[in-house]
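The structure appears right after this line, and notes come after that.
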Amino acid sequence: MQNDEVNLAAEQTGCDAGDVVCVHIDCNAFRLSGKWVELAYEQPLTSRAVRPVVEFDGARGSRSILPAAVLGHAKWLGYVPRDVRAIRVLADAKALRISELRVWRTNQVWARALITRPWGALKAILSSLFKAHMAERLFRRALVSESLANYPRWRAERVRAPEWDGFDAPLGAPAAAILLIYVGERTPEASAAIERMRGYHPAFSVRFVTAYDARFVAEFLEGRDDHELVMCLRPEFTFADGAASIFATASARSRCDVFYSDEEIESRGQLAPLFKPDWSPVLAQSKDLVGFGWAARASWLRRHCGARRIIEVANQVLRPGLDDRVAHIARPLLRRTAITPLAREVFCPPRFTPTIDAPSASIVIPTHNRFDLLVKLVSRLRDTMKALNIEIVIVENQCRGRTRQYLRRVASQPGIRVILDESRFNYAALCNRGANAARADKLVFLNDDVEVRREGWLQALLAWASIPTVGAVGALLLYPNGRVQHRGLTMGIEDGAAHFERTTSPSAPDFFDRGRVPHEVSAVTGACLAVARDKFEAVGGFDEINFPIEYSDVDLCLRLRQRGWASIIEPAACLIHHEGATRKFVRDTLGENNAARVRFHARWYDVVRADPFFHPALSLDCPRPLLG
23 MQNDEVNLAA EQTGCDAGDV VCVHIDCNAF RLSGKWVELA YEQPLTSRAV RPVVEFDGAR
83 GSRSILPAAV LGHAKWLGYV PRDVRAIRVL ADAKALRISE LRVWRTNQVW ARALITRPWG
143 ALKAILSSLF KAHMAERLFR RALVSESLAN YPRWRAERVR APEWDGFDAP LGAPAAAILL
203 IYVGERTPEA SAAIERMRGY HPAFSVRFVT AYDARFVAEF LEGRDDHELV MCLRPEFTFA
263 DGAASIFATA SARSRCDVFY SDEEIESRGQ LAPLFKPDWS PVLAQSKDLV GFGWAARASW
323 LRRHCGARRI IEVANQVLRP GLDDRVAHIA RPLLRRTAIT PLAREVFCPP RFTPTIDAPS
383 ASIVIPTHNR FDLLVKLVSR LRDTMKALNI EIVIVENQCR GRTRQYLRRV ASQPGIRVIL
443 DESRFNYAAL CNRGANAARA DKLVFLNDDV EVRREGWLQA LLAWASIPTV GAVGALLLYP
503 NGRVQHRGLT MGIEDGAAHF ERTTSPSAPD FFDRGRVPHE VSAVTGACLA VARDKFEAVG
563 GFDEINFPIE YSDVDLCLRL RQRGWASIIE PAACLIHHEG ATRKFVRDTL GENNAARVRF
623 HARWYDVVRA DPFFHPALSL DCPRPLLG
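Under the working numbering, residue 650 is the last one in the sequence shown; the count climbs by one each step, no gaps.
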């Protein structure tokens with residue numbers, strides 16, 4: 023079935039959170055049931071780059087999250103469930119245009135996957151036989167996802183020419199005026215480049231300056247309207263077509279002062295994307311998050327730039343603090359050659375100082391009858407107790423034999439308390455019981471399958487937990503073989519929340535090169551999670567009713583973030599995690615996990631769909647950075 027056999031009817035509806043576009047695929051949905059479809063669609067370049075959602079109405083209604091059309095065009099491959107009555111695509115943008123709908127037979131999907139990525143196809147085919155719920159994701163990874171090294175090919179299939187007088191025309195409030203400061207001579211080449219970046223934008227003025235003239239920022243900003251945007255262009259940079267229009271439209275729907283975009287880097291004839299997370303003030307202390315593709319309001323520049331050179335603003339001055347309002351435009355709007363980034367000192371919070379009269383921290387350890395793991399962990403924590411004034415609260419659940427005998431012995435030792443719990447295993451409830459019994463104003467939740475090998479990990483976590491704007495703090499967790507198990511949870515991957523970049527080497531290149539410095543994430547694992555008691559209690563602790571095991575830690579982090587408290591990964595705190603060593607002894611069915619996922623989606627689907635610290639152009643079908 024080709025696109026000309028399917029009628030695509032767009033129906034725009036409204037909601038309290040803003041306009042939502044609902045595109046109904048007007049066809050005999052029964053003909054698509056049980057088939058693979060490839061959907062090609064477009065979103066306006068002046069809209070937010072947000073992932074659309076395809077919904078299937080039927081006996082087993084479901085939905086899937088699609089990649090955002092960051093270059094204007096995108097495509098998605100997916101399986102249509104059986105007994106589907108209707109299919110529609112939802113998007114936050116002012117418009118959504120579906121350009122093609124192709125149907126693939128299952129044998130065509132298998133054959134194409136075997137040709138393009140044989141090993142990935144084999145895994146997908148085997149999953150379709152034994153784990154059907156994973157097969158769709160694996161086939162999509164094999165057929166649609168691309169390595170970052172293949173960005174030029176991926177880009178060529180997704181970039182489209184702007185339609186400033188039609189589809190890409192901005193709607194809503196008028197955009198701010200733009201002053202472009204061109205640091206260089208007025209040449210025909212420069213004039214052509216400036217005209218391309220202008221797009222439709224009428225309120226656009228240019229000032230050509232030399233490197234010397236550009237030092238006096240205050241001179242040409244004096245008298246400018248506070249809301250006017252200022253951009254800087256150098257001869258060795260190239261802004262995308264209509265970049266000024268996109269920046270101006272973003273400023274019209276936001277009260278932010280600074281706007282930064284993604285970039286494309288040319289090096290040795292290769293083109294690579296520099297996709298960035300949304301504004302992350304902690305990460306920005308260590309990495310040049312804003313970069314060179316930026317625009318700032320005149321009022322902000324007057325306050326912060328002084329007499330500095332404009333060409334220095336992007337990579338030296340434009341590092342707003344925690345109080346500045348910053349927005350990320352998730353589109354690659356600037357192309358440049360590789361530039362050595364400025365060296366920055368990794369930001370460290372004030373050193374944590376233990377208290378004397380009361381415990382500085384309470385380490386809460388839920389345990390489920392694992393004597394071998396618990397003995398090793400408590401033994402190493404004794405060394406930490408000598409350096410810091412901490413207490414250990416062990417919550418034992420259905421422990422027997424040697425484990426029960428061991429806990430009876432350590433319960434009489436100073437600084438260690440044991441709480442008995444004989445109820446059905448409920449991880450969230452065990453943690454809450456331990457927190458209620460704890461005496462310190464800092465809580466550290468630690469699984470019994472975590473192994474401490476390095477000193478200083480606890481001080482690093484507690485220092486971050488003491489900062490008013492920080493909620494949950496997590497550690498870098500490694501598998502026993504030294505590979506990464508956890509350095510932050512990413513929403514949307516594997517249809518829920520997943521450990522992004524797991525099984526990679528800690529020294530390998532990672533998304534935005536952030537793995538070796540403190541940075542924001544949407545959530546951290548409860549296997550090692552530090553939080554201030556007052557913040558933990560303010561959000562009601564772990565939700566032991568809706569998320570007794572799965573998603574309890576993620577839900578806690580998201581509720582903390584909802585109150586303005588960020589989740590932070592501190593890689594200086596490095597521990598070994600024997601993942602699942604305790605859980606494998608717990609009777610937990612797949613049905614219970616699926617029920618928790620349904621409840622998690624119902625509460626947090628907006629975050630699952632749009633993790634602010636994960637780029638919307640990347641694939642949700644793999645825990646490693648692939649183009650979607």
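Just so it is clear, CB atoms sit at the ideal spot from N, CA and C, and this is done for glycine as well.
Bridge pairing for Ile385: Ile414, Val466 [DSSP]. Here Pro257 has Gly206 as same chain residues with Cβ atoms under 6 Å from its own Cβ, once five neighbours each way along the sequence are excluded.
The continuous alpha helix (DSSP H) containing Ser267 extends over residues 265–274.
Shown here, Ala624 sits in a helix according to DSSP, grouped into three states. Within the region 91–158, the alpha helix (DSSP H) runs of at least 4 residues that lie entirely inside it are, in chain order, 128–138, 140–152. For the pair Glu77 and Val111, the CB atoms are nearer than the 9 Å cut-off. Rounded to the nearest whole angstrom, the C-alpha separation of Trp176 and Arg353 is 14 Å. For Ser401, there is no enclosing beta strand (DSSP E); the residue is found in the alpha helix (DSSP H) stretching over 393–409. Between the alpha carbons of Trp322 and Tyr204 lies a distance of about 19 Å. Within the same chain, Thr260, Glu286 come within 6 Å of Arg357 by CB-CB distance, once the 5 residues on both sides are set aside. With respect to Pro540, Gln307 sits close: the two C-beta atoms are nearer than 9 Å. Taking the Cα of Ala520 as reference, the smallest distance to any Cα among Leu511, Thr526, Ser527 is reached at Leu511. For Glu77, the beta-bridge partners assigned by DSSP are Arg85, Arg110.
Inclusion of Leu165 and Val131 in the CB contact set at 9 Å is warranted, their separation being smaller than that value.
Residue pairing by DSSP places Tyr63 opposite Ala96, Ile120 in a beta bridge.
Proximity to Ala71 across Trp626, Asp405, Ile438, Thr271 peaks at Thr271, based on C-alpha coordinates. For the pair Val280 and Arg218, the CB atoms are not nearer than the 9 Å cut-off. Residue Arg290 holds the alpha-carbon nearest to the alpha-carbon of Thr359 among Arg290, Met156, Glu418. Note that the C-beta distance between Glu477 and Lys398 is not below 9 Å. Between the alpha carbons of Leu500 and Ala549 lies a distance of about 12 Å.
Here Val576 is not near Gly537, since their CB atoms are 9 Å or more apart. Counting along the chain, Leu500 sits inside the beta strand (DSSP E) bounded by residues 492–500. Arg229 sits in a strand when the DSSP states are folded into three classes.
Distance from the CA of Pro299 to the CA of Ala545, rounded to the nearest whole angstrom, comes to 14 Å.
DSSP places Cys327 in the coil class of the three-state scheme, outside both helix and strand. Around the CB of Pro89, 16 or more other CB atoms lie within 10 Å, so the residue is classed as buried. For the pair Ala433 and Val440, the Cα-to-Cα distance works out to about 6 Å.
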